[in-house]
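Below you'll find the structure, written out as structure tokens, and then a few comments.
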Amino acid sequence: MTSVLFVVSAADGWTLKDGSVHPTGYWADELATPHRLFREAGWDVSIATPGGVTPTVDEASLGVMGGTPSQREQTTAYLTQIGAELDRPLRLEDVDEAEYDLVFYTGGHGPMEDLAHDPASGLLIARRMDAGAPIAFLCHGPAAVFASKAQDGTIAVRGRTMTGFSNAEEKLVPAARKAKWTLESQLKHNGVVYEKAAVPMRPHVVVDGNLYTGQNPASAQPLAEQLIEDLDAVGR
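Residue numbers (this note's numbering): -6 to 229.
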């Protein structure tokens, strides 16, 4: 059975450049949709957070920004269904990433607050990249790569092709106008070959060897479907 580890932010606030803290967490659909699709594919799914802290859902992702009413209802119902898993996640620091066929980083602005600086997460990413083992990042999930280090001291994904929440998309988020940094700009600054959809908030998935990325919430389903197709094809 294919096993996947979800790495989810434990942050419930995002510190902005004026010192204010904007409520955040993980984006509901970016966790619920891939989790559901992986389970439906017969995969074994585990969830881990820094310190084993129960993750906080970004309330904005349960409102109009979270899709149509029926989509939000489905997402909320699924998060309730897996509530016990979310309440008692694994401690990221205790996880052996080699035991999993796939590591999947969910989004929301939370990763920009904690995973971007988390040493356990950074080491996990570096090990996956060194081994060429499948790893995926969705929306703001790629912020976690800034904590990783290759042997030459650069981030572990330098020179690789990725996507993630774009600067144009951040302009649609009022709080992001006060962000200390933006994901697209930092990825480029750190030597990542960045790609994005021609139109903001449209699905866009990038595959570069073992590295899978989805740009935004609309990319949650196609990213998960691509992973299922590829990993099932090689019998993981």
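Just so it is clear, CB atoms sit at the ideal spot from N, CA and C, and this is done for glycine as well. Treat the numbers as computed from the prediction; the structure is a model and nothing was measured.
Under the Cβ criterion (8 angstroms, minimum of three pairs), the segment 194 to 205 does not count as touching the segment 171 to 181. With a threshold of 16 other beta carbon atoms within 10 Å, M(-6) falls short and is exposed.
One alpha carbon belongs to F139, the other to E90, and they sit about 18 angstroms apart. D22 places its beta carbon 8 angstroms or farther from that of G56. Separation of F31 and L204 (C-alpha to C-alpha, rounded to the nearest whole angstrom) is 18 angstroms. Spanning the alpha carbons of A226 and E33 requires a straight line of approximately 16 angstroms.
The alpha-carbon of I148 is positioned some 5 angstroms away from that of S141. Contact between the segment -3 to 17 and the segment 36 to 54 is present, with at least three C-beta pairs closer than 8 angstroms. Assigned with DSSP and collapsed to three states, D107 falls in coil, not helix or strand. The count of Cβ pairs closer than 8 angstroms, one atom from the segment 204 to 214 and one from the segment 126 to 140, reaches three, so the stretches are in contact. For the beta strand (DSSP E) assignment, the uninterrupted runs of no fewer than 3 residues enclosed by the segment 118 to 186 are, from N- to C-terminal side, 128 to 131. In the three-state DSSP reduction, V46 falls in the coil class, being neither helix nor strand. G76 is not bridged by DSSP to any residue. Going by C-alpha positions, A41 is about 14 angstroms away from G76. Contact annotation: N209 and C132 have beta-carbon atoms nearer than 8 angstroms. A3 is classed as buried because its beta carbon has at least 16 other beta carbons within 10 Å across all chains shown. Beta-bridge analysis with DSSP links A41 to V0 and L83. As the crow flies, the alpha-carbon of G103 is around 33 angstroms from that of G228. The residue from S159, V38, T69 and G45 with its alpha-carbon nearest to that of V192 is S159.
Just so you know, the alpha carbons of K189 and E162 end up roughly 10 angstroms apart. For the pair A119 and G146, the Cα-to-Cα distance works out to about 11 angstroms.
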